[in-house]
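In our numbering, the protein residues as written are 27 to 156.
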């Protein structure tokens, strides 16, 4: 399940609180940009968090703080193409070929080699969808 929620933290929390226990398989909160409190709640319910090019934006300290608090086993890389292109290509249409810029940013936040972050992200995506 892929959940896209925006500016609806209270509703998201309420819906997940009422229904996530009945899900055989959890999912991912796509393009996560909400609060650390919602992130902790979603992680506690068994969901993964998806991060994209926003993590590379200068004004995204709140999202980077959530990345820092998220276990690497629960991180999924996303593009949200054609939107949210990472720096240094911000302003152009996004594409999967820009995922390495997102991975590098997340690896730096998590104090991991980029390849280690990518291995976790691959394994997480596989567990999520297969």
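Each residue gets a CB set at the ideal place from its N, CA and C atoms; glycine is no exception. All figures in this text were calculated on a predicted structure; none of them were measured in a lab.
**Study point:** Of the listed residues 119, 121, 144, nearest to residue 131 (C-alpha basis)
**Key:** Reading the chain shown from its first residue, position 105 is the one you call residue 131. Looking at the Cα atoms, 144 is the closest of the given residues.
Review point. First and last residue of the beta strand (DSSP E) that includes residue 102?
Key: Here residue 102 corresponds to residue number 76 of the chain shown, with the count starting at 1. 101-103 is the span of the beta strand (DSSP E), which, as asked, contains residue 102.
Review point. By the 10 Å Cβ neighbour count, where 16 or more other Cβ atoms means buried, how is residue 27 classified, buried or exposed?
Key: Taking the chain shown and counting its residues from 1, the one referred to as residue 27 is at position 1. By the neighbour-count rule (16 or more Cβ atoms within 10 Å), residue 27 is not buried but exposed.
Check your understanding: Which value, in whole angstroms, describes the spacing of the CA atoms of residue 138 and residue 79?
Key -> Counting from 1 along the chain shown, the entry for residue 138 is found at position 112. Counting from 1 along the chain shown, the entry for residue 79 is found at position 53. Each residue's Cα considered, the two are about 18 Å apart.
**Study point:** Residue range of the alpha helix (DSSP H) that includes residue 72
**Key:** Taking the chain shown and counting its residues from 1, the one referred to as residue 72 is at position 46. Looking at the DSSP string, residue 72 is not in any alpha helix (DSSP H), and its letter there is neither H nor E.
Point to revise | Nearest residue (CA-CA) to residue 216, options 37, 155, 62 | key: Because the chain here runs from 27 to 156, residue 216 falls outside it and cannot be looked at.
**Study point:** Cβ contact check for the segment 106-116 and the segment 60-73: 3 or more pairs under 8 Å
**Key:** no
Review point. Mapping DSSP to helix, strand and coil, what is residue 76?
Key: Residue numbering aside, residue 76 sits at position 50 when the chain shown is read from its first letter. If DSSP states are grouped into helix, strand and coil, residue 76 belongs with the strands.
**Study point:** Among 114, 85, 41, 77, the one whose alpha carbon lies nearest that of residue 97
**Key:** Within the chain shown, the letter at position 71 stands for residue 97. That would be 77, whose Cα lies nearest to the Cα of residue 97.
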